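Here is the structure:
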C-alpha cells in the first residue's frame, strides 16, 4: 500500500443520539415547570430544550423518545441526556425506573484533506458521485460504507451518515486514498 502524501484532519462536529424511555412524557408538564423550553405542536411535535453544559439541544417527544444533537461525542450526549433526566426528576417528571437505551443515530465530521480537489474530474471518475455546481458547490460522494461526503474543491469535506468514529475514519481514509491514487487531489 502506498503511503499517503498528507494526513487528513478530522473533527467530529455533531453527534445525534436517541434515547428511548419506558414511559410516555408529559410535554405540557415540562413546559409549565422547566425553563428554557420551546413547544409549538402545530409547528413541530417535539419539545425543544437547550442545554448550556454540555452544549446540546434535546428534542423530547411524548412517545418517550429523546433526541440529543449538538454534542461532539457519544459520552457528551449521554451526559446531556442524564442531565435532562435529573432536571426533569427534580420537577416531578417521571421517566420510569429503567435506564434508557441510548443509540448513536448519526455522526458528522468536518475534514481537511490539505489539498485542492478537481471536482469535475472526480464526478467523471468516481462512481456513486454527483456534482451539479449550479445547484451546490460540493460533490456528493457515496461509497460502500454508510458515509455520505460533501467534497469541496478546497480539500475540505463534510462526512455524515456514520454511527462510529471508526466508520468516519475508514470512509475518509478510503476517499483520500482514491483521490491520491487517481490524482484527483493536488498539494501545494
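In our numbering, the protein residues as written are 74 to 261.
Glycine is no exception: its CB is placed at the ideal position from the N, C-alpha and C atoms.
Being a predicted model, the structure only gives us computed values, none of them experimental.
Quiz prompt | Between the CA atoms of residue 131 and residue 223 - distance to the nearest angstrom | solution = Near 26 Å, if we compare the C-alpha coordinates of residue 131 and residue 223.
Quiz item: Residue range of the alpha helix (DSSP H) that residue 176 falls in?
Solution: Segment 174 to 185 is the beta strand (DSSP E) holding residue 176; no alpha helix (DSSP H) there.
Self-check item: Proximity winner among 142, 214, 249, relative to residue 125 (alpha-carbon distances)
Solution: 142
Practice problem: If I'm right that residue 96 touches residue 137 with Cβ under 8 Å, what's the distance once you round it to whole angstroms? | Solution: 6 Å
Exercise. Would you mind listing the alpha helix (DSSP H) stretches within the stretch 82 to 108 that are 4+ residues and don't spill past its ends, in chain order?
Key: 100 to 106
Quiz item: If you compare alpha carbons, which of 116, 166, 211, 154 is closest to residue 98?
Solution: Of the listed residues, the one whose Cα sits closest to residue 98 is 166.
Self-check item: Closest by C-alpha distance to residue 255, when choosing among 236, 198, 203, 212
Solution: 198
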